[in-house]
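Participant: Attaching a single structure in structure tokens format; questions to follow.
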């Protein structure tokens with residue numbers, strides 16, 4: 005139920021509906037897009053970022069919140085860590101139990117590593133990750149009128165031509181192979197009666213290439229991967245995030261230190277290969293934005309790999325999803341899948357007017373929304389003072405037939421219904437929300453982590469924690485794909501690598517050096533990283549908290 | 003500010019009205035380790051049981067989705083021990099007894115519908131268990147599709163059925179063995195494996211920024227839905 009003031013605006017939306025039904029604004033020209041981004045996208049605000057002062061990517065520009073973590077001291081003083089007692093010994097340690105981590109484990113297994121020699125360590129539960137929350141779909145160029153070449157062009161243009169080409173090549177060429185693998189595992193993709201995949205557009209796609217499993221695509225993929233991991237019997241330690249990586253006396257990656265969140269114990273894991281699959285950083289709430297990300301998305305993998313010498317790239321670029329919930333207050337910031345626009349819902353201002361094509365790339369779409377709300381003052385104002393844009397969702401059932409919303413957008417329908425908003429009858433209110441870490445650790449097309457001296461031996465990374473695949477802006481449906489493609493590559497290559505690998509004496513020398521550098525730069529010892537979990541306790545409570553231990 | 007009184011594991015707190023259970027507990031000073039995953043209704047980590055004052059019933063919901071109500075007595079259940087059948091999906095013979103053979107306990111269903119009442123997704127849980135029992139894999143897969151695997155059904159079931167794992171098996175069997183295979187997908191995979199795009203993609207990778215920009219801006223866009 006919307007308050008009265010908002011209902012007045014809804015009447016205007018309803019009034020203009022008939023006329024808008026088959027009419028959309030022109031897509032923006034390249035120059036118009038650039039102007040819009042420059043003036044209105046949060047990423048183009050210089051005061052929100054700064055140069056990092058330490059490490060191999062010194063002087064790279066990143067959001068202040070990321071710089072705070074990079075210019076922070078370890079959680080545990082490296083001089084006091086005892087590595088003489090090894091708790092787990094394994095061939096492959098995978099840090100992170102989301103889409104990339106699970107896929108890496110499965111492909112390591114397919115390539116000859118025994119399940120008992122693979123260990124997944126996760127911060128929350130196996131599968132509590134952004135993969136689970138990806139609703140809209142996964143891209144793959146498998147239709148007759150499409151090809152990996154066209155997919156390549158969409159990715160690279162959407163990413164503002166800043167992408168690492170060898171990674172985009174793998175992303176688009178391996179995509180159909182991934183969908184086929186999913187089909188064989190039993191993932192229930194939306195299909196027609198003859199088996200043809202039902203595919204739709206996403207923002208910035210030139211072909212209808214988005215495969216989906218209703219609006220639970222990521223969840224459906226993740227459920228199957230997790231089921232398979234359990235069938236095979238891969239070892240999993242939950243609620244045990246990595247707080248530091250380990251090296252051996254030759255500087256190779258050699259495992260990690262895990263922290264048991266429930267007992268405060270630390271565990272030493274000695275591993276021949278380590279795969280970082282920790283996901284992104286939405287829970288840093290860059291520039292104070294709400295986020296669509298899961299509870300543990302706090303940039304840990306970037307922080308740990310950086311201490312070990314990994315290059316960072318495109319970390320200045322953050323994705324704000326144009327359609328986060330703006331009303332009701334209880335679910336502000338949660339994702340309204342892009343599929344809602346793919347299926348025809350139009351963005352409208354408070355007057356019920358169209359002002360942008362629904363399927364511009366995400367950064368362009370988000371900028372247009374912000375401009376409409378704060379530049380033109382035509383946003384809808386909620387009781388808490390938030391501004392938003394209408395998504396005229398009832399159009400979907402008008403265009404595609406009654407029942408489409410319930411059938412193909414069940415998660416969305418349910419989310420709003422819980423707060424007495426029926427998106428079949430009424431529009432929904434949205435505003436950009438922090439969604440994705442576009443950049444990250446630099447890898448090559450073998451998913452090996454790169455330092456200025458070349459590959460860091462034994463260290464692999466896949467998924468949102470890496471940078472380069474999406475350039476400066478990711479298109480819908482390429483993040484699920486990224487986790488699967490590079491998770492697979494990391495699994496295959498780590499399996500090859502461990503066959504001829506011997507680990508020497510374990511150490512945290514790299515962390516000691518990092519601490520020295522922090523001190524040399526005069527950085528005070530007041531911040532610690534990784535963050536592990538964000539803190540949402542009320543200030544009133546924290547101000548009176550006592551720390552007995 | 004309008005406030006409501008809630009009880010977190012027996013202790014009384016006053017919190018602002020309108021918060022979800024998850025946000026209310028954080029407001030009261032609790033910090034989640036377990037019991038919070040996606041915070042958006044997709045992962046099932048925040049299963050919560052509550053009772054209202056003067057009401058004998060136990061209610062179940064997700065802490066990240068349910069709004070607090072006056073006099074709510076809350077308990078979180080972020081872990082439910084459950085038996086999962088182990089199988090090699092490649093080697094399963096699919097017939098109307100398959101699900102029953104992996105989960106024989108579904109035959110103990112007493113049709114009490116408690117599972118359905120406990121489901122925060124409002125799924126017809128009992129109906130998909132009954133469909134599984136009849137060997138109607140398609141029906142079970144469809145009815146259980148929106149399951150977030152929070153485990154509330156299994157916690158409440160008097161017959162100790164693990165509904166959400168049953169639905170998982172049904173979905174995988176349907177997706178792998180019953181749903182028709184995608185022919186265009188097979189064809190494209192074959193083309194890629196034969197190397198049909200290798201040369202062209204290398205050429206594309208070697209294009210100048212200017213050429214790429216031009217190609218991107220002039221690319222034809224397939225009409226929408």
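Protein chains in written order, with the working numbering: chain V, 5 to 553; chain C, 3 to 227.
Idealized CB from N, CA, C, for every residue including glycine.
Less than 8 Å between C-beta atoms, sequence neighbours within five positions excluded: which residues of the same chain meet that for residue 237 of chain V?
Facilitator: So the qualifying residues of the chain are 119, 120.
Participant: Tell me the residue span of the beta strand (DSSP E) that contains residue 53 of chain C.
Facilitator: 49–54
Participant: Shorter than 8 Å from the beta carbon of residue 147 of chain V to some beta carbon of chain C?
Facilitator: yes
Participant: Please confirm if residue 169 of chain V has its CB atom under 8 Å from at least one CB of chain C.
Facilitator: yes
Participant: Is there a Cβ of chain V sitting closer than 8 Å to that of residue 219 of chain C, yes or no?
Facilitator: yes
Participant: Any contact between the region 4–19 of chain C and the region 64–74 of chain C? By contact I mean 3 or more CB pairs, one from each, below 8 Å.
Facilitator: yes
Participant: Under 7 Å Cβ-Cβ, which residues of chain V neighbour residue 184 of chain C?
Facilitator: 187, 195, 199, 200, 201
Participant: Can you check whether the CB of residue 338 of chain V is closer than 8 Å to the CB of residue 386 of chain V?
Facilitator: Contact: no.
Participant: Name the DSSP bridge partner or partners of residue 435 of chain V?
Facilitator: V/328
Participant: Just checking residue 153 of chain C against the ligand MG - is the residue's beta carbon closer than 7 Å to any of the ligand's heavy atoms?
Facilitator: Of ligands this structure carries none, so the ligand MG is not represented either.
Participant: Give me the Cα-Cα distance between residue 179 of chain V and residue 299 of chain V, rounded to the nearest whole angstrom.
Facilitator: Near 28 Å, if we compare the C-alpha coordinates of residue 299 of chain V and residue 179 of chain V.
Participant: What do you get for residue 3 of chain C, buried or exposed, if any count of 16 or more other CB atoms within 10 angstroms of its CB means buried?
Facilitator: exposed
Participant: Return the CA-CA distance between residue 199 of chain C and residue 148 of chain V, expressed in angstroms with no decimal places.
Facilitator: 14 Å
Participant: On a CA-only basis, which of C/26, C/163, C/48, C/30 is nearest residue 36 of chain C? Give me that one, please.
Facilitator: For residue 36 of chain C, the closest of C/26, C/163, C/48, C/30 by C-alpha to C-alpha distance is C/48.
Participant: Run through chain C and tell me which residues come within less than 7 Å of residue 77 of chain V, C-beta to C-beta.
Facilitator: Chain C residues near residue 77 of chain V: none, gap ~22 Å exceeds 7 Å.
Participant: For the beta strand (DSSP E) that residue 93 of chain V lies in, which residues bound it at each end?
Facilitator: 92–99
Participant: For residue 463 of chain V, which residues in chain A fall below 8 Å Cβ to Cβ?
Facilitator: Of the protein chains in the structure, V and C, none is chain A.
Participant: Cβ of residue 71 of chain C less than 8 Å from any chain V Cβ?
Facilitator: no
Participant: If contact means a Cβ-Cβ distance below 8 Å, which residues of the region 12–39 of chain C contact chain V?
Facilitator: Taking 8 Å as the Cβ-Cβ cut-off against chain V, the residues of the region 12–39 of chain C that qualify are 20, 21, 22, 25, 28, 29, 30, 31, 32, 33, 34, 35, 36, 38, 39.
Participant: Between the region 80–88 of chain V and the region 449–469 of chain V, can you find at least three pairs of beta-carbon atoms closer than 8 Å?
Facilitator: No, the region 449–469 of chain V does not touch the region 80–88 of chain V.
Participant: Rounded to whole angstroms, what's the CA-CA distance from residue 3 of chain V to residue 141 of chain C? Just pull it up for me.
Facilitator: With chain V represented from 5 up to 553, any question about residue 3 of chain V goes unanswered, as that position is not in the structure.
Participant: Alpha carbon to alpha carbon, how far is residue 100 of chain V from residue 210 of chain C? Give it in angstroms, no decimals.
Facilitator: 37 Å
Participant: Cβ closer than 7 Å: which chain V residues qualify as neighbours of residue 67 of chain C?
Facilitator: 422
Participant: Check each candidate in V/526, V/472, V/399, V/360 and name the one with the smallest Cα separation from residue 22 of chain V.
Facilitator: V/399
Participant: Between residue 539 of chain V and chain C, is any beta-carbon pair separated by less than 8 Å?
Facilitator: yes
Participant: Output the boundary residues of the beta strand (DSSP E) element that contains residue 95 of chain C.
Facilitator: First-last for residue 95 of chain C: undefined, no H or E at that position.
Participant: Considering only DSSP beta bridges, list what residue 78 of chain V is partnered with.
Facilitator: V/533
Participant: Select from the region 382–394 of chain V all residues with a C-beta closer than 9 Å to any C-beta belonging to chain C, and list them in chain order.
Facilitator: none
Participant: How is residue 516 of chain V classed by DSSP in three states: helix, strand or coil?
Facilitator: helix
Participant: Going along chain V, which residues have a C-beta under 9 Å from residue 104 of chain C?
Facilitator: The contacting residues do not exist; residue 104 of chain C stays about 11 Å from chain V at best.
Participant: Just the chain V side, please: which residues come within less than 8 Å of residue 123 of chain C by C-beta, in chain order?
Facilitator: 418
Participant: Could you check whether the Cβ of residue 343 of chain V sits closer than 8 Å to any Cβ belonging to chain C?
Facilitator: no
Participant: What does residue 137 of chain V touch in chain C if you count any residue whose Cβ is under 8 Å from its own?
Facilitator: 40, 42, 44, 45, listed in chain order.
Participant: Is it the case that the Cβ atoms of residue 60 of chain V and residue 534 of chain V are separated by a distance below 8 Å?
Facilitator: no
Participant: So, do the region 184–192 of chain V and the region 244–252 of chain V have three or more beta carbon pairs nearer to each other than 8 Å?
Facilitator: no
Participant: Would you please verify whether the beta carbon of residue 235 of chain C is less than 8 Å from any beta carbon of chain V?
Facilitator: Only positions 3 to 227 of chain C appear in this structure, which leaves residue 235 of chain C out of reach.
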